[in-house]
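Engineer:
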Amino acid sequence: MKGLVVAIDGPSGVGKSTVGKAVAARLGLPYLDTGAMYRAVGLAVKRKGIALPLEDREAVVAVASHVDVRVTGSAADARTWLNGEDVSREIRTPEISAYASAVSAVPGVRRRLAGMQRSLALEGGGVLEGRDIGTKVVPETPHKFFLTATVEVRARRRFAELSARGAPQTFAQVLSDMEARDHADSTRADSPLLDDGTYARVDTSALSVEEVVDRVLSAVGRGVQPPG
Ligand code: DC
Numbered sequence: 001m002k003g004l005v006v007a008i009d010g011p012s013g014v015g016k017s018t019v020g021k022a023v024a025a026r027l028g029l030p031y032l033d034t035g036a037m038y039r040a041v042g043l044a045v046k047r048k049g050i051a052l053p054l055e056d057r058e059a060v061v062a063v064a065s066h067v068d069v070r071v072t073g074s075a076a077d078a079r080t081w082l083n084g085e086d087v088s089r090e091i092r093t094p095e096i097s098a099y100a101s102a103v104s105a106v107p108g109v110r111r112r113l114a115g116m117q118r119s120l121a122l123e124g125g126g127v128l129e130g131r132d133i134g135t136k137v138v139p140e141t142p143h144k145f146f147l148t149a150t151v152e153v154r155a156r157r158r159f160a161e162l163s164a165r166g167a168p169q170t171f172a173q174v175l176s177d178m179e180a181r182d183h184a185d186s187t188r189a190d191s192p193l194l195d196d197g198t199y200a201r202v203d204t205s206a207l208s209v210e211e212v213v214d215r216v217l218s219a220v221g222r223g224v225q226p227p228g
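If you're matching positions, the sequence shown starts at 1 in the numbering used here and goes up one per residue.
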């Protein structure tokens with residue numbers, strides 16, 4: 001590993017992106033939202049006319065291996081590209097959340113994306129956020145954080161976010177989608193979301209974003225040996 005790698009894992013809506021971006025900006029490290037890569041593959045699969053639930057896994061892997069997925073920019077201006085098209089906004093819909101969760105359970109998709117993520121992390125360090133960063137993508141980093149919050153708190157945050165964008169969803173719908181995604185992401189056979197005991201756990205339910213960021217930064221600071 002050439003640079004510092006900080007892994008931030010946890011369920012959806014827990015604040016990984018907000019915290020990850022702030023930590024990356026403060027440490028001057030690249031920021032990598034790995035969920036955005038699964039979302040871009042999910043969008044590509046949907047555009048091919050493949051419906052949920054995914055039945056033909058080979059067709060999904062075929063789509064995933066022929067698309068060019070890139071994430072660029074720093075924490076302040078991160079963008080996601082699918083075959084050269086900026087899909088940063090289009091991947092943030094509830095429908096693409098469901099597609100992303102579904103494609104992320106396919107081992108061939110995971111192998112490809114986790115391989116790309118690992119290469120990016122080893123090249124120049126970074127703050128990586130996702131579900132399996134500390135267990136599969138860069139398990140050797142000592143800086144691993146597992147963020148948690150109750151599903152109600154997370155659904156409330158997501159509902160506020162979607163409402164601010166004018167998305168027509170009820171709170172009950174957001175809550176039930178989140179429960180379904182939690183279940184799918186933590187029970188899939190390949191690289192499920194799991195605190196394997198190697199993480200520092202941070203319960204964010206009653207903390208502000210700044211408090212979570214401070215905890216992460218001070219833990220990283222304690223773990224980094226001063227030079228010389
Ligand atoms: O973090 P997110 O909600 O944007 O992620 C979208 C989906 O991608 C999520 O349901 C689980 C999956 N994912 C994953 O399996 N592994 C990762 N490292 C990141 C995301």
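All C-beta atoms, glycine included, are put in the ideal place defined by N, C-alpha and C. Quick caveat: nothing in here was measured; it's all calculated off a predicted structure.
Are the beta-carbon atoms of L4 and G125 separated by less than 7 Å?
Structural biologist: The answer is yes: Cβ separation under 7 Å.
Engineer: Does the stretch 153 to 173 come into contact with the stretch 19 to 37, if we say contact requires no fewer than three beta-carbon pairs (one atom in each stretch) closer than 8 Å?
Structural biologist: The stretch 153 to 173, when compared against the stretch 19 to 37, does not touch it at the 8 Å Cβ threshold.
Engineer: State the CB to CB distance for the pair V109 and L43, rounded to an integer number of angstroms; the pair is presumed to be in contact (CB under 8 Å).
Structural biologist: At roughly 13 Å, the Cβ-Cβ gap does not stay under 8 Å, so V109 and L43 are not in contact.
Engineer: Could you tell me which residues DSSP pairs with F300 in its beta bridges?
Structural biologist: Since the first residue of the chain shown is 1 and the last is 228, residue 300 is not available in this structure.
Engineer: Starting from E210, follow the alpha helix (DSSP H) in both directions and report where the run begins and ends.
Structural biologist: Start and end: 209 to 223.
Engineer: Whose CA, out of M37, V202, G15, A78, lies closest to the CA of L29?
Structural biologist: It is A78.
Engineer: Tell me whether R131, by its Cβ, gets closer than 6 Å to a heavy atom of the ligand DC.
Structural biologist: It does: the Cβ of R131 is within 6 Å (strictly closer) of some heavy atom of the ligand DC.
Engineer: To the nearest whole angstrom, what separates the beta carbons of D182 and P11, a pair I think is in contact under 8 Å?
Structural biologist: Confirmed, about 5 Å.
Engineer: Can you tell me which of V67, R47, A76, D56 puts its alpha carbon nearest to the alpha carbon of A25?
Structural biologist: Taking only the C-alpha atoms, the option nearest A25 is A76.
Engineer: Closer than 6 Å: is that where the CB of Y38 sits relative to any heavy atom of the ligand DC?
Structural biologist: Yes, the beta carbon of Y38 sits closer than 6 Å to at least one heavy atom of the ligand DC.
Engineer: Can you look up R110 in the DSSP assignment and give me helix, strand or coil?
Structural biologist: Reduced to three states, the DSSP call for R110 is helix.
Engineer: Which whole-angstrom value is the C-beta distance of F159 and Y199, which I expect to be below 8 Å?
Structural biologist: Not a contact, Cβ separation roughly 27 Å.
Engineer: Residues in the same chain with beta-carbon distance under 6 Å from V63, minus the five sequence neighbours each way, listed in chain order, please.
Structural biologist: Cβ neighbours of V63 beyond the five flanking positions: A44, V45, K48.
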